[in-house]
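Participant: I have a structure here, written as structure tokens, and I will follow up with some questions on it.
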Amino acid sequence: MDRVSSLPLVFDAPKRGLPPKHFADLDEQGRIDAVADLGLPKFRANQLAKQYYGRLNADVDEMTDLPAGKRDAVGEKLFPTLMTPVRHISCDDDSTRKTLWRLHDGTLLESVLMRYPERNTLCISSQAGCGMACPFCATGQGGLDRNLSTAEIVDQVRAAARALRDGEVGEPGRLSNIVFMGMGEPLANYKRVVDAVRKITSPSPDGFGISARSVTVSTVGLAPAIRRLADEGLSVTLAVSLHTPDDELRDTLVPVNNRWSVAEVLEAARYYADSTGRRVSIEYALIRDVNDQPWRADLLGKKLRQALGSLVHVNLIPLNPTPGSEWDASPKPVEAEFVRRVREHGVSCTVRDTRGQEIAAACGQLAAEEK
Ligand code: SAH
Numbered sequence: 001m002d003r004v005s006s007l008p009l010v011f012d013a014p015k016r017g018l019p020p021k022h023f024a025d026l027d028e029q030g031r032i033d034a035v036a037d038l039g040l041p042k043f044r045a046n047q048l049a050k051q052y053y054g055r056l057n058a059d060v061d062e063m064t065d066l067p068a069g070k071r072d073a074v075g076e077k078l079f080p081t082l083m084t085p086v087r088h089i090s091c092d093d094d095s096t097r098k099t100l101w102r103l104h105d106g107t108l109l110e111s112v113l114m115r116y117p118e119r120n121t122l123c124i125s126s127q128a129g130c131g132m133a134c135p136f137c138a139t140g141q142g143g144l145d146r147n148l149s150t151a152e153i154v155d156q157v158r159a160a161a162r163a164l165r166d167g168e169v170g171e172p173g174r175l176s177n178i179v180f181m182g183m184g185e186p187l188a189n190y191k192r193v194v195d196a197v198r199k200i201t202s203p204s205p206d207g208f209g210i211s212a213r214s215v216t217v218s219t220v221g222l223a224p225a226i227r228r229l230a231d232e233g234l235s236v237t238l239a240v241s242l243h244t245p246d247d248e249l250r251d252t253l254v255p256v257n258n259r260w261s262v263a264e265v266l267e268a269a270r271y272y273a274d275s276t277g278r279r280v281s282i283e284y285a286l287i288r289d290v291n292d293q294p295w296r297a298d299l300l301g302k303k304l305r306q307a308l309g310s311l312v313h314v315n316l317i318p319l320n321p322t323p324g325s326e327w328d329a330s331p332k333p334v335e336a337e338f339v340r341r342v343r344e345h346g347v348s349c350t351v352r353d354t355r356g357q358e359i360a361a362a363c364g365q366l367a368a369e370e371k
């Protein structure tokens, strides 16, 4: 059957609304050119990079090593305000904080900071909205607003790293992990996401110096983009949102499955695992009476074992119900049986600890409410 012709999705978001160029959009040469355009000596490029990526400053008024007379021009040209917090909401004894941001064109986006004893994880957005239309996901219901620029992705990281450093979210700490599990399909905004990943992982002053292994890119399964990502030499963790092992149900839960089937997605995941040596994560939102049957657990274990051997780990996510949906999470005994069966096939499987339930932290819920 022709899986292409039924494709209803938009992969290249319209360019409308992208913000003015920002320092965090530039590579090293771009930064050198930009300061030259402002009539500044070359060493200022490195100085600004240290301010932004090292000291986590995006406000020129705080860049006291910059000549006072030049700050306004630098601010205007290189540090336009990309995002303004609309509100912060905390829960889980303040160990989870969700921020709703407004972008320069009024677009809304979310990021969530989660503190754990041994790590601090930021969940970031790669697009405003999402075009993938998964029916259980709040963002998927709203459609795609636009791609985020590289700097809009990178600046979510800077803002969170700074908030952690300054003790605005509990005891002062360091940002250690990044997951692209906020709004959007990262591989549908491919170039900017890869560019952002390089800036997140490069050592200072070219980036924040977060280990690539601690960065997770989560995708609905755009198979060619997964292969392309494998060839970037980045070593980030790949997460694939599978949600069911059979095409019939996946065609409805993850509509892009009509374009790239379960088998094609798993082949691409295998290519990723082989190229990078990294274990692939499989995301599976357990939905009561929809995808939580024992036979599906068996089929999942079998297919993953076949396709990926031991280079796979299954993350079960209890469904976080979105407003107005009749779907719900699976009962705990059903979940436990599902885990047991997947493991029986020699596939490692755990249940994701769910943070932020009471602050509408399921993908896109906060932005949906605001609209
Ligand atoms: N578009 C990417 C990344 C964003 S979503 C992707 O699909 O992977 C991050 C994860 O949250 C995905 O696995 C997604 O399926 C899951 N998710 C979305 N809405 C959810 C909900 N209501 N309950 C549980 N998981 C959800």
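With full-length UniProt numbering, the residue at position 191 of the sequence shown is 191, and numbering never jumps.
All residues carry an ideal CB built from backbone N, CA and C; glycine is no exception.
These figures come from a predicted structure and were not determined experimentally.
Of all the options E344, T96 and E110, which has the alpha carbon lying nearest to the alpha carbon of R102?
Facilitator: Among E344, T96 and E110, the Cα nearest to that of R102 belongs to E110.
Participant: Please classify P294 as buried or exposed, where buried requires at least 16 neighbouring CB atoms within 10 angstroms.
Facilitator: P294 is exposed by the Cβ-count criterion.
Participant: Does the beta carbon of E185 fall short of 7 Å from some heavy atom of the ligand SAH?
Facilitator: Yes, since a heavy atom of the ligand SAH falls inside the 7 Å radius drawn around the Cβ of E185.
Participant: Going by alpha carbons, who is nearest to S218 out of S211, Y190 and I210?
Facilitator: When only C-alpha atoms are compared, the closest one is Y190.
Participant: For a test of your reading of the model: does the CB of A297 fall under 7 Å from any non-hydrogen atom of the ligand SAH? Yes or no.
Facilitator: Because no heavy atom of the ligand SAH lies under 7 Å away, the Cβ of A297 does not count as near it: no.
Participant: Apart from the five residues just before and just after K50, which ones in its own chain have a Cβ nearer than 6 Å to its Cβ?
Facilitator: Once the five neighbours on either side are set aside, the close Cβ partners of K50 are P205.
Participant: Are the Cβ atoms of A128 and L100 separated by less than 8 Å?
Facilitator: The answer is no: Cβ separation not under 8 Å.
Participant: Scan the stretch 167–232 and note each continuous alpha helix (DSSP H) run of 4 residues or more that stays entirely inside, going in chain order.
Facilitator: As far as the stretch 167–232 is concerned, its whole alpha helix (DSSP H) runs of at least 4 residues are 190–201 and 223–230.
Participant: What three-state label does DSSP hand Y53 in the structure shown?
Facilitator: DSSP places Y53 in helix when its eight states are reduced to three.
Participant: Taking V280 as the reference, which of I124, V240, F23 and R174 has the closest Cα?
Facilitator: The shortest Cα separation from V280 among I124, V240, F23 and R174 belongs to V240.
Participant: Just to confirm before moving on: does the CB-CB distance between F136 and S325 stay below 8 Å?
Facilitator: Closer than 8 Å, so yes.
Participant: Would you mind sorting K332 into buried or exposed? The rule is 16 or more other CB atoms within 10 Å of its CB.
Facilitator: Exposed, since its Cβ has fewer than 16 Cβ neighbours within 10 Å.
Participant: Identify, in the order they occur along the chain, each residue of the same chain with its Cβ nearer than 8 Å to the Cβ of R119, setting aside the five sequence neighbours on each side.
Facilitator: Answer for R119: S176, N177 and S214, listed in chain order.
Participant: Identify every residue that forms a DSSP beta bridge with V312.
Facilitator: Answer is V280.
Participant: By DSSP, does W327 sit in helix, in strand, or in coil?
Facilitator: Residue state, collapsed to three classes: coil.
Participant: Leaving out five residues before and five after L266 in sequence, what residues of the same chain have Cβ atoms less than 6 Å from its Cβ?
Facilitator: Hits under 6 Å: A307.
Participant: Figure out for me which residue from G39, G106 and P20 has the closest Cα to the Cα of E76.
Facilitator: Closest by alpha carbon: P20.
Participant: Measure how close the beta-carbons of A329 and L319 come, nearest whole angstrom, since I'm counting them as under 8 Å.
Facilitator: Going by Cβ atoms, the distance from A329 to L319 rounds to 4 Å, so yes, they are a contact pair.
Participant: Extract the residue ranges of the alpha helix (DSSP H) inside the stretch 84–162, only unbroken runs of 4 or more that lie entirely within it.
Facilitator: Those alpha helix (DSSP H) runs which fall completely within the stretch 84–162 and span 4+ residues are 138–142.
Participant: Pick out whichever of I32, D37 and G39 has its Cα sitting closest to the Cα of Q47.
Facilitator: The shortest Cα separation from Q47 among I32, D37 and G39 belongs to I32.
Participant: Bridge partners of T354, per DSSP?
Facilitator: Its beta-bridge partners do not exist; DSSP assigns none.
Participant: Does the Cβ of E152 have 16 or more other Cβ atoms within 10 Å, making it buried, or fewer, making it exposed?
Facilitator: Label assigned to E152: buried.
Participant: Hey, how far is the Cα of M83 from the Cα of P255?
Facilitator: The straight-line gap from Cα to Cα measures roughly 31 Å.
Participant: Can you find a heavy atom of the ligand SAH that lies under 7 Å from the Cβ of V220?
Facilitator: Under cutoff, so the answer is yes.
Participant: Could you check whether V194 and T216 sit closer than 8 Å to each other, using their CB atoms as the reference points?
Facilitator: No; because the gap between Cβ atoms is not below 8 Å, this pair is not in contact.
Participant: Here's a check: name, in chain order, each residue in its chain whose Cβ is nearer than 7 Å to the Cβ of D155, leaving out the five neighbours to either side.
Facilitator: Answer for D155: A24, A58, L82 and M83, listed in chain order.
Participant: With hydrogens ignored, establish whether the beta-carbon of E335 is closer than 7 Å to any heavy atom of the ligand SAH.
Facilitator: No, Cβ of E335 sits at least 7 Å from all heavy atoms of the ligand SAH.
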